[in-house]
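Visitor: One structure coming up, written as structure tokens, with questions to follow.
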Amino acid sequence: MFPNRLTGAAEMAEWNTYYRNEEDEEDQEEGEQSGGDYKATGRDSLVFLVDASKEMFIKGEDGQPSNFDMTMQVVRSVYASKIISSHRDLMALVFYGTEQSKNPRNSFKHVYVYHDLDEPGAKRVQDVDALRGGKGAQLAAETMGSGETSLGDALWCCANLYSDIKLRLSHKRLMIFTCRDEPHGGDGAKDRQARTKAGDLKETGVVIDLMHLMKPGGFDVASFFRDIISPPEDESELGLQLEPCEKLEDLTKRVRAKEQKKRAMARMNLCLGEGINVAVGIYAPAVTARKPAPIRLYRETNEPVRSKTRTFHTQTGSLLLPSEIKKSQVYGKKQIVMEGDEVDAIKKFEDPGMSLIGFKPMAKLKRHHHIRPAAFLYPEEDQVKGSACLFSALLAKCSERNVFALCRCVARRNFPPRFAALVPQKEEVDEGKVQISPPGFHVIYLPYADDMRTLDPPQFPTASQRQVDKMKQIVSKLRFKYRSDAFENPVIQQQYRNLEALALDMMAPEDIDDLIMPKVEQINDRLGPLVQEFKDLVYPDDYNPEGKPAGKRKTADTGGGAEKKPKAEVPEDELRAHVQDGTLGKLTVPVLKEACKRFGVRTTGTKKQELMDALIARLGK
């Protein structure tokens, strides 16, 4: 937190800015989005409801893992990520269709609660690891077995898990993993009971998702599960995926897209004109990943400690209340003192919101206009009815005409207004119907005139056309398709591996692949002799890339100093070719001096660059 400080009442702290630090505000909101601030938002909860029938343990073709093994790998991955990113979230693992029964008060047969709804820990990760692979399937058969199925009882048991939690839950989600589209084999009574219990769960705010897995003959969602799962909360939700997951990557991608609730950084109205308002939410599509901050513990008990800041009078030592502290700023060598309400009044321009100013062609938006990370704009239908329809129409027209919307934006209370460009983005899905890019607007914050700077870059020699063409060949050889999600931060990954090894009592952390290290061998194979050819065109023969001075020549054995080499003369046509190609720097200083004497070029100095400039002025005419 903040260290204790002593502040004099007469010595007012200098107030340097009218506005609060926007980056600090954003960091706070980003923390809320990732589940860090539970005082304001509550905790997220997730229940894995896994089918333990015999069909789940059948291995796939060509040595592919069974559906049960894939599910355990995904559960283990989510457990590990939650421990690191959102350790206070609640998670549970429940199996249904088992022979043995284990649940609170053993009220439900063929339901096995493997993990209660609680914070994830290292012990839980080890428990799930034990259920993976062939030995894991054998352990599951010995511990739980496979028996009759009653999805209604399983959903009822999950409802009891939620009701036993006394904490405030901001988001409740239940994921069903199964490869059976008719779990009850056509038993109408059990089907009706399952639909009833699913409806009860959805009424209490639990979102039910289906992660259906591959089975022979295909998975028919419409036969039973269409009435079980929750409808998509909005169009940004992936909704019901009709195609079952066949590979571990597909299942992991769907679970990752569903398991974390998307929280808006801010919600406001987008005013399109007089009386036309669209409710929108601003989201952060990318947030800088940081290493978790260390937690201070009390040495005796290892309990977390909290620090508080108090302000004292330097002369009397009395504690000062917030009402007794004022703020000031020095202006014109005069200290201007203000009350707290005066400061708030100065900082406030208007209420949060966005106002449409007009539209501009996309060509008017330049890359150098980027001054801070962009946000993402999406409609909030539950705030103002009809917002999604009007938002979709605006998005479609902007995409069709290739224009962006120019708006005045006040993100939050006491924030200064900014110009923002709303850049349209259409929805994209992959082959598995999983959403890659959501439909909406990217919010690009534009700079003011005060933010623009006039640069005075140093002057360098201009590259010749041959040098430019050679570099173009090198660039074309090293081109590759870049995706930001294909590269992980090696520092953070190493931190996570170390924490995981400590938490799971591993002998050593797992090795990581530093994906941002250049592949030198592959680069050399692609370029071949192009690098050396480029060096010959650009650098002189005596160029030393290490920047170290060349060593002194050894003295000759026969007599005094080293033998002097005769000065080499360069033909005129070759000298003109060097001037035209910009490779005059490859010649040595003695050769350049000899050329200046031969052509009658007068120079004011003896430095290499001065000799080159004189020859270029003489021969370049």
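So the sequence shown is numbered by our numbering: it starts at 129 and just counts up by one. Where a beta carbon is used, it is the ideal one built from N, C-alpha and C, also for glycine. The structure displayed is predicted, hence computed values, not measured ones.
1. If distances are taken between C-alpha atoms only, which option among Val433, His570 and Glu674 comes closest to His498?
2. Within a Cβ cutoff of 8 angstroms, which residues of the same chain sit near Glu151, ignoring the five residues on either side of it in sequence?
3. Compute the Euclidean distance between the alpha carbons of Asp741 and Pro718, then round it to the nearest angstrom.
4. How is the alpha helix (DSSP H) around Arg308 delimited, first residue to last?
5. Going by DSSP in three states, Leu522 sits in which element: helix, strand or coil?
6. Taking Glu183 as the reference, give the member of Leu743, Leu341, Arg540 and Pro422 with the closest Cα.
7. Pull up the DSSP beta-bridge partners for Asp172, would you.
8. When DSSP labels each residue in this structure, what does Leu739 get in the three-state scheme?
9. With 8 angstroms as the threshold, decide whether the Cβ of Arg536 is near any Cβ in chain D.
10. Are the beta-carbon atoms belonging to Phe176 and Phe185 less than 8 angstroms from one another?
11. Opposite Gln563 in the DSSP bridges: which residues?
12. CB Tyr790 to CB Ala287, shorter than 8 angstroms?
13. Kindly indicate the opening and closing residues of the beta strand (DSSP E) around Lys488.
14. Per DSSP, which residues does Ala503 bridge with? Please list them.
15. Straight-line CA distance for Leu665 to Lys598?
16. Compare the C-alpha of Lys494 against each of Lys462, Pro552, Asn542 and Leu574 and name the closest.
17. Measuring straight from C-alpha to C-alpha, what distance separates Phe662 and Pro413?
18. At the level of alpha carbons, what is the spacing between Lys725 and Glu738?
19. Determine, using beta carbons only, whether Lys605 and Leu534 come nearer to each other than 8 angstroms.
20. With a 10 Å radius around its C-beta and 16 neighbouring C-beta atoms as the bar for buried, classify Ile357 as buried or exposed.
21. State the DSSP-derived secondary structure class of Asp653, mapped to helix, strand or coil.
22. Taking 8 angstroms as the cut-off, does the region 434–447 touch the region 458–465 (at least 3 CB pairs, one atom from each stretch)?
23. Going by DSSP in three states, Ile744 sits in which element: helix, strand or coil?
24. Comparing C-alpha positions only, which one of Arg252, Val415, Asp179 and Tyr242 sits nearest to Glu628?
25. In the DSSP assignment, find the unbroken alpha helix (DSSP H) run with Met751 in it and report its ends.
26. Along the chain, where does the alpha helix (DSSP H) that runs through Met599 open and close?
27. Check the C-beta distance from Cys537 over to Arg546 and give it rounded, since I have them as a contact under 8 angstroms.
28. Which word fits Tyr576, buried or exposed, when buried means at least 16 other C-beta atoms lie within 10 angstroms of its C-beta?
29. Val222 and Tyr207: beta carbons closer than 8 angstroms?
30. If you check the beta carbons only, do Gln511 and Ala407 fall under 8 angstroms apart?
Guide: For this structure:
1. His570
2. Confidence in Glu151 is poor, its pLDDT being 38 and thus under 50, which makes the residue's placement too unreliable to answer from.
3. 15 angstroms
4. Counting along the chain, Arg308 falls outside any alpha helix (DSSP H), and DSSP gives it neither H nor E.
5. helix
6. Leu341
7. His299
8. helix
9. Annotation note: the requested chain D is absent from the structure, which comprises a single protein chain.
10. no
11. Val557
12. Because the chain is modelled from 129 through 749, residue 790 falls outside the range shown and cannot be assessed.
13. Gly481 to Pro489
14. Val571
15. 9 angstroms
16. Leu574
17. 41 angstroms
18. 14 angstroms
19. no
20. buried
21. helix
22. no
23. helix
24. Arg252
25. The question about residue 751 has no answer, for the chain in this structure spans 129 to 749.
26. Gln593 to Lys605
27. 5 angstroms
28. exposed
29. no
30. yes
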